[in-house]
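If you read the sequence shown in my numbering, its first letter stands for residue 20, the second for the next number, and so on.
Glycine residues also receive a C-beta, built at the ideal position from the N, C-alpha and C atoms.
Have a look at the structure below, then the notes.
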Amino acid sequence: MCGIIGYTGSKNALPILIHGLKKLEYRGYDSAGIALLSQGSIFIEKSKGNISNLERKLSNIKLTSNIGIGHTRWATHGEPSDINAHPHTNSINTIAIVHNGIIENYIELKELLEKNFNIKLKSETDTEVIAHLIDHLWNGNLLSTLYKVTQKLTGSYALSVIAKDDPNKIIAVRKDSPLIVGVGENENFIASDIPAILKYTKNVILIENNEFVEITKDYINIYDESGNSIERESIEITWQVEEAEKENFDHFTLKEIHEQPKTLKNILNHNIIKNKLNIQNLNITEEELRNFNKFYIVGCGTAYNAGLIGKYIFRKFVGIDIICEIASEFRYNDPIIDDKTLVICISQSGETLDTIQSIRLAKEKGAKILSIVNIIGSSITRESDYIFYTIGGPEIGVASTKIFTCQLLALNLIALEFGKLLKFLNDNQIEKFLKELQTIPEKAQTILDNTQKIKDIAHKQFQNENIFYMGRTLDMDISFEASLKLKEISYINSFAIGAGELKHGTIALVNDKTFVVALSTQDKLIEKMMANTKEVKARGAKVLAITKETLKFPNDCCDELILIPNTLDIFTPLLSIIPLQLFAYYVSTFRGNDVDKPRNLAKSVTVE
């Protein structure tokens, strides 16, 4: 949520800032702005809406600057508007600041400024308060002033600041909101995320919580909250620039759906050698595993839906029951946790604040943390005891697609490793499961090679405002994810249910305008699902059934039928979600929506 980009070097800063802002669009935003330090003054331009609006305002600007900061805003305090957009300044325009996060005590600080210093804030934001605090605590040095300011702030923040009276440098600080430094030659960068700077450098320094950073074109200094200098090596990002481009696809979301055979194969190749499990980075021993007697999976949104499926996976491969909870609920549910608890946390970005706070709660109570994360070096990985990287590459579309199937595959591989360590599975069983898993990428490609039918179905239904999904066991949980995808990018008020719950209320909503997507991929439940589809058809609904090639789903039970390649029941979610991702995508495009950047959503939710 929100995005920060900063540049200091020998080049013209403006095009670099605009490029960085565009690469941060996927995080979600409603306005954008830049601040440039040029010839002893700070120039500000900002605009509500798309970055193209900002570019139009800047089209006739002639000034040249080698240092500046930029921001994409996702409204939390104050409506989307030019005035509320970042950067914000002090009254005399000598300080400019951009901010991600939420200042929880900003009303108290605002009242202090208004009462004691007669300051009248221009905006409704919490961020402007910080600019005025810097001004009134100014001691001639931006870094030491920012130390004093942050002592008065309560909440989460990543701040990036420039000052007319301490020029040629950017000062930034991080507390519970992501921040990285890009290392260049005679230039350096500050950013919220890697894609913003990937075009210019692949060398990145990860800024830890409560750290301050001072960057000029010549040096980078990092300090802890007490002012002590910190030495930290940069890491090299292995992503290719092309991975963050659309290439020949109309949208990142469609590209990422089609990348799934490749990303799944990458995970398998990385963690299976000669048909033997060889999971990288996990480093958990049998002794450690046997110490645990309570297991949780925690995540938000799509990651939570992956966790729901993880319950079945761990039951089958490890013989344990596992509790799956939404991270924002887990923290307040008084979970029973001690030093014999393992909490598995799932997050694409590794920066999801509710998940991070859940980790901290669990660790306070003595639990160990296993994280499933896509971004190397992200906050969650730095607070985890065990890590599984999904190595899916950048996912730019706000609605997660390829990383969801990466998370499912990760859960399968982790569970197989646990089953091996605990001797719940023997070598022959593991070999059989691994052999089948290695067929999944090719089977996924088969689905993606035949998309016309699902596109045609989407065209028939894109104006329908009454679409719901149903299934049983694993299919029920895939229904939750499929419904979420449709909601996220089509804005249809879709929902999902366990098919066995149909008669307990939902059937009252069914009529001849209803479109039902019925998942029926589990061998032992095919007859029950046939009965459920007949129930909704008898009330006028149209039915799309998703099932395996080997299962016979009669024509009188559905109006449309999509077949997925056969696989073991436990692995069907890896395949059954793909046509439903495509369905959501095509419905959204037929409705004329911005698929990659759906309204009101952010890719990385870094506030509570």
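Every unbroken beta strand (DSSP E) inside the region 211-291 [3 residues or more]: 222-225, 230-234 and 239-242
Among residues of its own chain, excluding the 5 on either side of V529, which ones have a beta-carbon nearer than 6 Å to its beta-carbon? V555, R558 and A560
C-beta atoms of F423 and Q480 nearer than 8 Å: no
Can you confirm whether the region 428-446 touches the region 239-250 when touching is taken to mean that 3 or more C-beta pairs between the two stretches lie within less than 8 Å? No contact exists between the region 239-250 and the region 428-446.
Is it true that the region 597-608 meets the region 480-500, where meeting means three or more beta-carbon pairs spaced less than 8 Å apart? Here the region 597-608 makes contact with the region 480-500; the two share three or more CB pairs at distances below 8 Å.
Considering only C-alpha positions, which residue in the set E414, K474 and N574 is nearest to K616? Among E414, K474 and N574, the Cα nearest to that of K616 is on E414.
Which value, in whole angstroms, describes the spacing of the CA atoms of K504 and P214? Those two C-alpha atoms are separated by around 23 Å.
Beta-carbon separation of H165 and I190 under 8 Å? The residue asked about is misnamed: residue 165 is Leu in this sequence, not His. Contact check for L165 against I190 passes: the beta carbons are separated by less than 8 Å.
Indicate whether N551 and A564 have their beta-carbon atoms separated by less than 8 Å. A564 is positioned such that its CB atom lies no closer than 8 Å to that of N551.
In the structure shown, what three-state DSSP assignment does H107 receive? strand
Integer-rounded CB distance, given that T566 should sit under 8 Å from L582: That pair is a contact at about 6 Å.
Given this structure, state the Cα-to-Cα distance separating N290 from N207, to the nearest angstrom. The alpha-carbon separation between N290 and N207 amounts to approximately 35 Å.
Cutoff 6 Å; reference L467; Cβ partners in own chain excluding five residues on either side: H277.
Ends of the alpha helix (DSSP H) at E507? L493 to S509
If the criterion is Cβ atoms closer than 8 Å, does the pair G369 and C343 meet it? No.
At which residues does the alpha helix (DSSP H) containing E344 begin and terminate? Segment I342 to I345 is the beta strand (DSSP E) holding E344; no alpha helix (DSSP H) there.
Let's see if you can read the secondary structure: which residues bound the alpha helix (DSSP H) around I378? L372 to E383
For E244, which residues of its own chain have a beta-carbon under 6 Å away from its beta-carbon, when the five flanking residues on both sides are left out? Cβ neighbours of E244 within its own chain (closer than 6 Å, five residues either side excluded): N229.
Under the criterion of a Cβ to heavy atom distance below 7 Å, does N393 qualify as lining the ligand GDP? This structure lacks the ligand GDP, and indeed carries no ligand of any kind.
Three or more C-beta pairs below 8 Å linking the region 99-112 and the region 62-78: The answer is yes - the region 62-78 touches the region 99-112, with three or more Cβ pairs under 8 Å.
For T146 and I53, I'd like the C-alpha separation in whole angstroms. 15 Å
Output yes or no for whether 8 Å exceeds the beta carbon distance between L440 and F452. no
Check for me: the alpha helix (DSSP H) holding R334 runs from which residue to which? T321 to F336
Mind checking which residues open and close the alpha helix (DSSP H) that includes L440? K421 to L440
Cβ neighbours of E568 in the same chain (closer than 8 Å, five flanking residues each side left out): L582, I583, P584 and N585
Measure from the alpha carbon of S84 to the alpha carbon of each residue in G338, G25 and H270, then state which is nearest. Residue G25 holds the alpha-carbon nearest to the alpha-carbon of S84 among G338, G25 and H270.
Looking at C-alpha atoms only, which residue of I476, I596 and W93 is the closest neighbour of T144? W93
If V417 sits next to L620, beta carbons under 8 Å apart, how far is it from one beta carbon to the other, in whole angstroms? 5 Å
Report the residue ranges of all alpha helix (DSSP H) runs contained in full by the region 550-621; include only those spanning at least 4 residues, in chain order. 592-609
Near K129, which residues of its chain fall below 6 Å by C-beta distance, leaving aside the five closest residues on each side in sequence? V148
Along the chain, where does the beta strand (DSSP E) that runs through I181 open and close? G174 to A182
Suppose you measure from the CA of I298 to the CA of K454; what does that come to, to the nearest Å? 16 Å
Test item: CB-CB of I126 and T95 under 8 Å: no
Terminal residues of the alpha helix (DSSP H) in which H155 lies: T146 to H155
Spatial distance of L56 from H38 (CA atoms): 18 Å
Run of the alpha helix (DSSP H) containing L544, from where it starts to where it stops: From DSSP, L544 is part of no alpha helix (DSSP H); its letter is neither H nor E.
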